[in-house]
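Under the working numbering, read the sequence shown as residues 193 to 254, first letter to last.
Glycine included, each C-beta is placed from N, C-alpha and C at the ideal position.
Bear in mind that the values here come from a model prediction, so they are computed numbers and not experimental data.
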Amino acid sequence: MERKQRTCLKCGRWFDSASPANRICRKCSQINNKVPMSEAQLQRQRGAMRHNGRIINDLPEE
């Protein structure tokens, strides 16, 4: 894949992205990695996964 300038989805600044899947800049990624949050907490914060309005998986229980 070709590197491309993209805007960070967290801070809005432009950065060199390695691929379309890379949408968070290095600085924001480092900040995210320092936050002590379990995967279950992250999924609860993001909400249920949906496809065309239908829930495709439920939130995990603690």
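Burial state of residue i (16 or more Cβ within 10 Å)
{"i": "Ser221", "result": "exposed"}
{"i": "Cys217", "result": "buried"}
Nearest-angstrom Cα separation, counted from residue j out to residue i
{"i": "Arg236", "j": "Ser211", "result": "27 Å"}
{"i": "Asp208", "j": "Asn225", "result": "19 Å"}
{"i": "Ala240", "j": "Met229", "result": "17 Å"}
{"i": "Lys213", "j": "Ala232", "result": "Reading off the sequence, residue 213 comes out as Ala, not Lys. Roughly 22 Å between the two C-alpha positions."}
Expected contact under 8 Å - CB spacing of residue i and residue j to nearest Å
{"i": "Leu201", "j": "Arg215", "result": "5 Å"}
Opening and closing residue of the alpha helix (DSSP H) in which residue i lies
{"i": "Ser209", "result": "It is not in any alpha helix (DSSP H) - Ser209 instead sits in the beta strand (DSSP E) that spans Trp206 to Ser209."}
{"i": "Ile223", "result": "Arg218 to Lys226"}
{"i": "Arg238", "result": "Glu231 to Arg238"}
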